[in-house]
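Just so you know, the protein sequences line up as chains C and P, in that order. The numbers in the first sequence follow this note's numbering, run straight up by one, and end at 204. The numbers in the second sequence follow this note's numbering, run straight up by one, and end at 145. For every residue, glycine included, the Cβ atom is placed at its ideal position computed from N, Cα and C. Below is one structure; the comments refer to it alone.
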Amino acid sequence: MKESRTLTLTTPSDREIVVTRIVDAPRHLVFEAWTNPKHLPQWMLGPPGWTMPVCEIDLRPGGKWHFVWRQSDGTEMEMRGVYKEVTPPERVVSTESWGPEWPETINTLTLTEEGGQTRVTNRVLYPSKEARDAALKTGMKEGMDQSFNTLDKYLASLGDRGTERGARKA
Amino acid sequence: MTHSDHLDATFAALADPTRRAILARLASGEAAVTDLAKPFRMSQPAISKHLKVLERAGLISRGHDAQRRPRRLEAKPLAEANQWLERYREFWEGNFQRLDALLDELKIRDKKLVHKRRRPRNTGFSN
Numbered sequence: 035m036k037e038s039r040t041l042t043l044t045t046p047s048d049r050e051i052v053v054t055r056i057v058d059a060p061r062h063l064v065f066e067a068w069t070n071p072k073h074l075p076q077w078m079l080g081p082p083g084w085t086m087p088v089c090e091i092d093l094r095p096g097g098k099w100h101f102v103w104r105q106s107d108g109t110e111m112e113m114r115g116v117y118k119e120v121t122p123p124e125r126v127v128s129t130e131s132w133g134p135e136w137p138e139t140i141n142t143l144t145l146t147e148e149g150g151q152t153r154v155t156n157r158v159l160y161p162s163k164e165a166r167d168a169a170l171k172t173g174m175k176e177g178m179d180q181s182f183n184t185l186d187k188y189l190a191s192l193g194d195r196g197t198e199r200g201a202r203k204a
Numbered sequence: 019m020t021h022s023d024h025l026d027a028t029f030a031a032l033a034d035p036t037r038r039a040i041l042a043r044l045a046s047g048e049a050a051v052t053d054l055a056k057p058f059r060m061s062q063p064a065i066s067k068h069l070k071v072l073e074r075a076g077l078i079s080r081g082h083d084a085q086r087r088p089r090r091l092e093a094k095p096l097a098e099a100n101q102w103l104e105r106y107r108e109f110w111e112g113n114f115q116r117l118d119a120l121l122d123e124l125k126i127r128d129k130k131l132v133h134k135r136r137r138p139r140n141t142g143f144s145n
């Protein structure tokens, strides 16, 4: 029987967040989906409503990567980093930062073959415990702010439509 | 303490395996310090130090029995810390579901490629 696709999220030390998940595909395809700019924008999107218009990948040690996500309302989020280690199809180590005011993390993607399936392990190492907790917190706060902004806009648009309709009727 | 200080304290308290084990033990009911120290083969002062960290984080509290001073689990701060990790989990779960869909496509394409590569060799043999 195939192993279930349950995602596990752990904090093995106070500077790390580790995500593990089994995917039902051979390792070389998972590596391809994770490192080819043709494929990454199709799935690495986060919350609904976001697209990834910029996905630049120079997959070699010292090579840079640059991702930009955009929401339908024009809000953008940007992430950059440098590849430290590239070992197809099993391991990629890279730095990642959301900007100068954000801590730089070291991300290690490990792909292991398990009976035709692939175990994906994504380890994010923060420079300090404070940085990890801050990133988690700010991420959550921004997520909530964004939700409220979207809600505000939506409510405002409903209000506008209401007035238009009212005006037309009159 | 502000909300974010609380979360700092919670994550710091949870970062230690002994403290997580203490919380796991307390999840099945309150216990006196001496009982808590037993399974860990730790001195009572060492356990007390861990308990103090957990208490400061608001993860445990002291029961009313003045003699035994049993410790018990407080659910709220744990739930708050969990809420964050839950958001992080949701983010990745969405991504992995889309990755599953893409990989299904890539697998089909991969099979077709292998098939194409084989075919000319076969026709070569039959000629």
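CB contact check: E111(P) to chain C, cutoff 7 Å = yes
- Message: Distance check for V88(C) and H73(C), CA to CA, integer angstroms please.
- Response: 12 Å
Those runs of the beta strand (DSSP E) which lie wholly inside the stretch 57-112 of chain P and span at least 3 residues: 78-80 and 89-91
Q) beta strand (DSSP E) containing W103(C): first to last residue? A) K98 to Q105
Would you say the stretch 152-164 of chain C touches the stretch 57-70 of chain C, given that touching needs at least three Cβ pairs under 8 Å? yes
Discussion item. Counting only beta-carbon separations shorter than 7 Å, does L161(P) have a partner in chain C?
Written reply: This structure leaves residue 161(P) out entirely; chain P is present only between 19 and 145.
Q. Per the contact definition of three or more C-beta pairs closer than 8 Å, is the stretch 95-111 of chain C in contact with the stretch 73-87 of chain C?
A. yes
Selection of the stretch 40-59 of chain C by Cβ proximity to chain P, strictly under 8 Å = L41, L43, T45, S47, D48, I51, V53, R55, V57, D58 and A59
query = When DSSP labels each residue in this structure, what does K134(P) get in the three-state scheme?
reply = helix
Q. How would you list, in chain order, the residues of chain C whose beta-carbon sits under 9 Å from the beta-carbon of K125(P)?
A. D58, A59, P60 and L63
Item to complete: Specify the secondary structure class of P87(C) as computed by DSSP and reduced to three states.
Response: strand
Between F58(P) and chain C, is any beta-carbon pair separated by less than 7 Å?
no
Worksheet item: What are the boundary residues of the beta strand (DSSP E) that L143(C) is part of?
Response: T139 to E148
Could you tell me if V57(C) is buried or exposed, where buried requires 16 or more neighbouring beta carbons within 10 angstroms of its beta carbon?
buried
### Message
Assuming the contact rule is C-beta atoms closer than 8 Å, L91(P) and A45(P) should be a hit. Round their C-beta distance to whole Å, please.
### Response
6 Å
So which residues of chain P does G83(C) contact, with C-beta pairs closer than 7 Å?
Going along chain P, no residue has its Cβ under 7 Å from G83(C), so there is no contact; the nearest lies around 11 Å.
Does any residue of chain C bring its CB to less than 7 Å from the CB of L41(P)?
no
Practice item. For S61(P), collect the residues of the same chain with a Cβ closer than 8 Å to its Cβ; drop the 5 residues on either side in sequence, then sort them by chain order. Key: A55
Original post:
Can you tell me whether DSSP reads K118(C) as helix, strand or coil?
Top reply: strand
message = Just to confirm before moving on: does the CB-CB distance between A33(P) and D48(C) stay below 7 Å?
response = yes
Quick one: is G142(P) buried, meaning 16 or more other Cβ sit within 10 Å of its Cβ, or exposed?
-> Unreliable placement is indicated for G142(P), whose pLDDT of 44 sits below 50; the coordinate value is still reported in the next sentence. Counting Cβ neighbours within 10 Å, G142(P) comes out exposed, since fewer than 16 surround it.
Span separating the alpha-carbon of D26(P) from that of Q115(P):
31 Å
### Query
From the DSSP output, which residues share a beta bridge with S131(C)?
R114(C)
Exercise for review: Answer yes or no: does any C-beta atom of chain A fall closer than 7 Å to that of G80(C)?
Suggested key: In summary, chain A is missing from the structure at hand, where the protein chains are C and P.
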